[in-house]
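> Could you have a look at this structure, given as structure tokens, before my questions?
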Amino acid sequence: MASKKTNQNKVTSEDANSRRDFIKKSGLFTALALTPPSLVMASEKKWDEKIAEYLETVPLSIEVNGTKHNLNIEPRTTLLDLLREQLQLTGTKKGCDHGQCGACTVHVNGTRILSCLSLASMQQNAQVTTIEGLAKGKKLHPMQEAFIKHDGFQCGYCTPGQIMSGIACIKEGHANSREEIREYMSGNICRCGAYHNIVDAITEVKEGGKEI
Amino acid sequence: MSKTSNINRVDGFAKVTGSATYSAEYKTAGVVYACLVGSTIAKGRIKTIDTKKAEWAPGVLAVITHLNVDKPAGYEKAKDKHNFGQPLQIFKDDSVLYYDQPIALVIADTFERMRYAASLIKADYFKEEHSTELKKAAEKEKKVETDKGNDYHRGEHDGYKNAEVILETEYTIPTEVHNPMELANIIAKWEGNKPILYTKSQGVEGTRRSVAGVFGVPVEDVEVHAEYLGGAFGMGLHTWPYEIAALIGAKKLNRPVKLVLHREQMFTNVGFRPYTIQKMGLGATKDGKLTGLTHEAVAMTSSYEDFMEGTVNMSRFIYDCPNVSTRYRIVPLDTCTPIWMRGPGEATGSFALESAMDEMAYKLNLDPIEFRKLNYAEKDQEQNKPWSSKYLLECYEGGMERIGWKNRKNEPGSVKEGNWLVGYGMGTGTFGCYRSPTSVKAKLLANGDLVLQCSVNDMGPGTATMMTAIGAEVIGLPAENVIIEMGKSGLPKGPTQGGSATTSSVGSAVHDACNLLLSKVIELASKSSSLKGIAITDLTFENGVISSKKDKSKSVTLATLLSSNKLEDFEVENLSKAAEEAKKYSIYSFSVHFVKVLVNPNLGKIRLAHVVSCADIGTVINQKTSAGQMFGGAVGGIGMGLMEALEIDHRFGRPINNNFADYHVPVNADIEKQEVFFVNKKDPISNPMGTKGLGETALVGMAPAIANAVFNATGKRVRDLPITLDKIIETVKV
Chain F
72 MASKKTNQNK VTSEDANSRR DFIKKSGLFT ALALTPPSLV MASEKKWDEK IAEYLETVPL
132 SIEVNGTKHN LNIEPRTTLL DLLREQLQLT GTKKGCDHGQ CGACTVHVNG TRILSCLSLA
192 SMQQNAQVTT IEGLAKGKKL HPMQEAFIKH DGFQCGYCTP GQIMSGIACI KEGHANSREE
252 IREYMSGNIC RCGAYHNIVD AITEVKEGGK EI
Chain X
20 MSKTSNINRV DGFAKVTGSA TYSAEYKTAG VVYACLVGST IAKGRIKTID TKKAEWAPGV
80 LAVITHLNVD KPAGYEKAKD KHNFGQPLQI FKDDSVLYYD QPIALVIADT FERMRYAASL
140 IKADYFKEEH STELKKAAEK EKKVETDKGN DYHRGEHDGY KNAEVILETE YTIPTEVHNP
200 MELANIIAKW EGNKPILYTK SQGVEGTRRS VAGVFGVPVE DVEVHAEYLG GAFGMGLHTW
260 PYEIAALIGA KKLNRPVKLV LHREQMFTNV GFRPYTIQKM GLGATKDGKL TGLTHEAVAM
320 TSSYEDFMEG TVNMSRFIYD CPNVSTRYRI VPLDTCTPIW MRGPGEATGS FALESAMDEM
380 AYKLNLDPIE FRKLNYAEKD QEQNKPWSSK YLLECYEGGM ERIGWKNRKN EPGSVKEGNW
440 LVGYGMGTGT FGCYRSPTSV KAKLLANGDL VLQCSVNDMG PGTATMMTAI GAEVIGLPAE
500 NVIIEMGKSG LPKGPTQGGS ATTSSVGSAV HDACNLLLSK VIELASKSSS LKGIAITDLT
560 FENGVISSKK DKSKSVTLAT LLSSNKLEDF EVENLSKAAE EAKKYSIYSF SVHFVKVLVN
620 PNLGKIRLAH VVSCADIGTV INQKTSAGQM FGGAVGGIGM GLMEALEIDH RFGRPINNNF
680 ADYHVPVNAD IEKQEVFFVN KKDPISNPMG TKGLGETALV GMAPAIANAV FNATGKRVRD
740 LPITLDKIIE TVKV
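See the structure below:
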């Protein structure tokens, strides 16, 4: 599925007036302001809206869970907000926006990162895997199965981040003992306090030796 | 053991695949983004507020302040009292009552534009002197003007003072913040005059009533969705100003508005466990019998709501003692109103009581558990009622064995492992078992599935899983055939999730509704041709077939029964309430937390080498989810004991550590070895299943267990939480 810019919250006609007011005052449009007819025409055809959108965005090519997206995004958009608000992949969670809680952990080119600390525009041509990309239909990833079996969560909000981190923890070679798992999973806060069961789940996946 | 006693969480698949939908995640066409801008002073009035730059910023749709707000109709009607339940009326006027109080709502078409525009709002203030420090505001101390706020006395007032051995101590707990991982969030919209909220609420029906009151609309017109909550721990027990703000914005724009608090705002705007100072007076005979106990607490509240919790309650009944006095006072400060946080009151109170019990045991040269056993309460002396059930002694025994209590020496600092000082400690917890009237609809479908409906929600303890287990047991179905519909208005009315009452309330309602459904199905089946003449008591329902107990060949399937009666499904709705009999008893859960600490005497570093949490919670419906809740409660208590404190810069009345880098909560590395033990004996009185409640008592008693273990390891008594290394290192000598 190749999607174009999917900002479903695009400004609609009801608020376009304030939008055009802004553009009239914008320094970029001083030249246009000197030629009133073109401004009027631009305004009437809402070209100013389109031009502003163009000026405010940067192109981004990104692959998420195997799907390529060619997007125009705001440079200020974080990878986390791109996933949640524009691609509707809300499995990746927002917990702090400061890289302090781990809820937004995703894999970029096979490495775990905090998606709230990465601008989406920095991920040109990156391959991103989120929690939605782990299961094959109803067939769960071994880590997802282990989290259910060992009850590695309660409210479920930190869970996607824990699972993405747990997989990476094993791949990095940091799951050789319960102590090591605890250390390398400490970037993911679970306020429900399911740590004991999370370590059980990761240990089982590591020892099970299944491909992850 | 029943077939359902260890089932996996029924919402597990949704939660591990990211498909569980939390409030801000509902796909809503045309949704726009909002945030709140907070005041930068703690008390005063807004002189000017400059919103122009924000209004002109790209994509901005509205900036709402007290100057241009369309005030909700209910603002005028609100009582001019400080009773709890009258929250801050957002944008009502120019007054500022606490730091970071919302003074503007900014709404824009995208998240990024909204955040930028919000940064452009500037306000000037008429500052007034604020008061945020409990210790310096004692002159404002007052009683809470409700029955629960009254002083309590049994026997002689402050009778401890006449004892052979007297202990007088003071304990402090700081402000502690719930901080669920999911931020407080809402999508608000209107359909005509009907508000619709997707919000982080622990009580769908409570939120409906609050919103109806604020906007002056009928309760039945308020639609609330809270199907998944990313934790709450009490934070979702209030309808907060941010929810009202989003509704105001949505109404103004006639568009859905999404508002997610920043983590920083979670520290200032949605409640906390209040800073509390407690004084304990204990009196005992030389051989260890308590003769007097006085427990006084002074806790903070806000300037506009009188918040209280049961901080001193546990001291009235947990030990056998003839002379008991308790007093509870509040001090209004210039902060947001506190809200009950997991183990409310008791968690705070148990820190003082169970620390003092430990201190007294040392004074008497008694083992702390022996001292408690000497003062074991055979009945509830506060209510003068028998216990419905009490397996506290079994909790002591179970914990002592698992933690290795026999290795403990009463002399502090006398046990070492390498360079580490070893200490053992324990703390008792308790919490009342409550049961609220609850309606549940139970529906059998032709395909054999059972649908259970209730508006109660599940913030993480596993309510849906519990409902599934009970429904499957009663009807005799595999758990896979049970479908749960919950967490939204329009369903049969359930209680707020809180006070450890959900299983007792909703589980009982599921139990009763399913039994009723079963009897109605059998009654109808007895009239069918294939079962005619067989007594109802001789019929049984199993796996979708009603048959004679004596002759299985005489049977009718549910599908046939439905079609022959021209029914699509078979349903009952039932309101379930506590039995009158229950009032004759005192019904409490009990817990005992045991910890083994290792303390590095050079660095003051504290490690929890082993934590064992034992509980008498009546019947355990599901071993897996209950253990998870007990593990989690203990972790919450570890945070309270060792890490959590919201530090305020009182010069400005604002928090210093309003983020997860500076406000420490337990992480995986902090939890070395954890065990859970349930007595798992049915309570004969509490409810049909014999459960007693778990969520709160899972935390209550953990903080004092740690403090007591640290004393045992080091000889250093820490009476002000959290027990950070600086408090250890100053006195420990190598």
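Line by line, the protein sequences are chains F and X.
When the letters of the first sequence are read in order and numbered with our numbering, they come out as residues 72 to 283.
When the letters of the second sequence are read in order and numbered with our numbering, they come out as residues 20 to 753.
Cβ atoms here follow ideal geometry from the backbone N, Cα and C, with glycine treated the same way.
A quick note: this is a predicted structure, and the numbers were derived from the prediction, not measured.
What does the alpha-carbon distance come out to for the pair aspartate 745 (chain X) and arginine 670 (chain X)?
C-alpha separation (whole angstroms): 24 Å.
> If you measure between the beta carbons of threonine 320 (chain X) and proline 357 (chain X), is that distance less than 8 Å?
In contact: threonine 320 (chain X) and proline 357 (chain X) (Cβ atoms closer than 8 Å).
> Report the neighbours of methionine 659 (chain X) on chain F: residues whose CB is nearer than 9 Å to its CB, in chain order.
Those within 9 Å of methionine 659 (chain X) in chain F number zero; the least Cβ separation is about 12 Å.
> Where leucine 211 (chain F) and alanine 81 (chain X) are concerned, what is the direct C-alpha to C-alpha distance, given to the nearest angstrom?
Each residue's Cα considered, the two are about 44 Å apart.
> Any Cβ of chain X within less than 8 Å of the Cβ of leucine 211 (chain F)?
Answer yes: the Cβ-Cβ gap between leucine 211 (chain F) and chain X drops below 8 Å somewhere.
> Across which residues does DSSP place alanine 127 (chain X) in a beta bridge pair?
X:Tyr52 and X:Val79, per the DSSP bridge assignment.
> Tell me whether the beta-carbon of glutamate 131 (chain X) lies closer than 8 Å to the beta-carbon of arginine 147 (chain F).
Yes, the pair counts as a contact, with Cβ atoms nearer than the cut-off.
> Taking alanine 371 (chain X) as the reference, which of X:Arg427, X:Met299 and X:Leu385 has the closest Cα?
The shortest Cα separation from alanine 371 (chain X) among X:Arg427, X:Met299 and X:Leu385 belongs to X:Met299.
> Runs of 4 residues minimum, wholly inside the segment 167 to 251 of chain X: which ones carry the alpha helix (DSSP H) assignment?
Those alpha helix (DSSP H) runs which fall completely within the segment 167 to 251 of chain X and span 4+ residues are 223 to 234.
> Give a yes or no on whether the minimum CB-CB distance between valine 276 (chain F) and chain X is below 8 Å.
So, not an interface residue.
> Isoleucine 238 (chain F) lies in the alpha helix (DSSP H); which residues open and close that run?
From DSSP, the alpha helix (DSSP H) with isoleucine 238 (chain F) extends over 230 to 242.
> Using a Cβ cut-off of 7 Å, pull out every chain X residue sitting near tyrosine 266 (chain F), in sequence order please.
By Cβ distance, chain X contributes Val654, Asn687 and Ile690.
> Please list the terminal residues of the continuous beta strand (DSSP E) segment that includes asparagine 593 (chain X).
Here the beta strand (DSSP E) through asparagine 593 (chain X) covers 588 to 595.
> Can you say whether isoleucine 269 (chain F) is buried or exposed, counting buried as having 16 or more other CB atoms within 10 angstroms of its CB?
When all chains shown are included, isoleucine 269 (chain F) counts as buried.
> Candidates F:Gln198, F:Ile234 and F:Asp168: which alpha carbon is nearest alanine 206 (chain F)'s?
It is F:Ile234.
> So, with DSSP's three-state summary, where would you put arginine 736 (chain X)?
Here arginine 736 (chain X) sits in coil by DSSP.
> What distance in whole Å lies between the Cβ atoms of tyrosine 338 (chain X) and alanine 396 (chain X), which are believed to be in contact at a cut-off of 8 Å?
Their Cβ separation, rounded to whole angstroms, is 6 Å, which keeps alanine 396 (chain X) and tyrosine 338 (chain X) in contact under 8 Å.
> Pop quiz: lysine 72 (chain X) and leucine 139 (chain X) are said to be a contact at Cβ under 8 Å. What is the actual Cβ separation, rounded to whole angstroms?
About 4 Å; that satisfies the 8 Å criterion.
> Quick one: residues in its chain with C-beta nearer than 6 Å to the C-beta of asparagine 342 (chain X), no 5 flanking neighbours on either side, listed in chain order?
Gly174, Glu175, Gly178 and Gly311.
> Mark glutamate 542 (chain X) as exposed unless 16 or more other C-beta atoms lie within 10 angstroms of its C-beta, in which case mark it buried.
Exposed.
> Quick check: the Cα distance between proline 351 (chain X) and asparagine 102 (chain X), rounded to an integer number of angstroms?
Taking the straight line joining both Cα atoms gives about 12 Å.
> Restricting to runs no shorter than 3 residues, where is the beta strand (DSSP E) found entirely within the segment 584 to 651 of chain X?
If we require 3 residues or more, the beta strand (DSSP E) runs fully inside the segment 584 to 651 of chain X come out as 588 to 595, 607 to 618 and 625 to 635.
> Going by C-alpha distance, which of X:Lys100, X:Met419, X:Val238 and X:Trp259 is nearest lysine 724 (chain X)?
According to the sequence provided, residue 724 (chain X) is alanine. The question's lysine does not apply to it. The shortest C-alpha separation from alanine 724 (chain X) is found at X:Met419.
> Quick one: grab the DSSP three-state call for glutamate 278 (chain F).
Helix at glutamate 278 (chain F).
> If you check the beta carbons only, do threonine 182 (chain F) and asparagine 259 (chain F) fall under 8 Å apart?
For threonine 182 (chain F) and asparagine 259 (chain F), no; Cβs fall outside 8 Å.
> With 8 Å as the limit, tell me which residues of the segment 220 to 243 of chain F have their beta carbon closer than that to any beta carbon of chain X; keep them in chain order.
Correct list: Lys220, Asp222, Phe224, Gln225, Cys226, Gly227, Tyr228, Cys229, Thr230, Pro231 and Ile234.
> If you run the structure through DSSP and keep just helix, strand and coil, what is valine 350 (chain X)?
Valine 350 (chain X) falls in the strand class under three-state DSSP.
> Along chain X, which residues have their Cβ under 7 Å away from the Cβ of valine 179 (chain F)?
Residues of chain X passing the Cβ test: none, with the nearest at roughly 17 Å.
> Applying a beta-carbon distance threshold of less than 7 Å, which residues of chain F neighbour leucine 248 (chain X)?
The contacting residues are Cys226.
> Among F:Ser248, F:Asn247, F:Thr138 and F:Pro213, which residue has its Cα nearest to the Cα of lysine 281 (chain F)?
The residue with the shortest Cα to Cα distance from lysine 281 (chain F) is F:Pro213.
> Put serine 519 (chain X) into one of helix, strand or coil per three-state DSSP.
Coil.
> Listing by chain order, which chain F residues have their CB less than 8 Å from the CB of alanine 680 (chain X)?
By Cβ distance, chain F contributes His169 and Gln171.
> Applying the 10 Å Cβ sphere with the 16-neighbour rule, what's the burial state of serine 605 (chain X)?
Classification for serine 605 (chain X): buried.
> Which residue marks the beginning of the alpha helix (DSSP H) containing methionine 708 (chain X), and which one marks its end?
Per DSSP, methionine 708 (chain X) belongs to no alpha helix (DSSP H) and is neither H nor E.
> Do we get a CB-CB distance below 8 Å when we pair glutamate 145 (chain F) with the residues of chain X?
By this cut-off, glutamate 145 (chain F) is an interface position.
> Could you check how far apart the C-beta atoms of glutamate 324 (chain X) and glutamine 105 (chain X) are, in whole angstroms? I think they sit under 8 Å.
Confirmed, Cβ separation roughly 6 Å.
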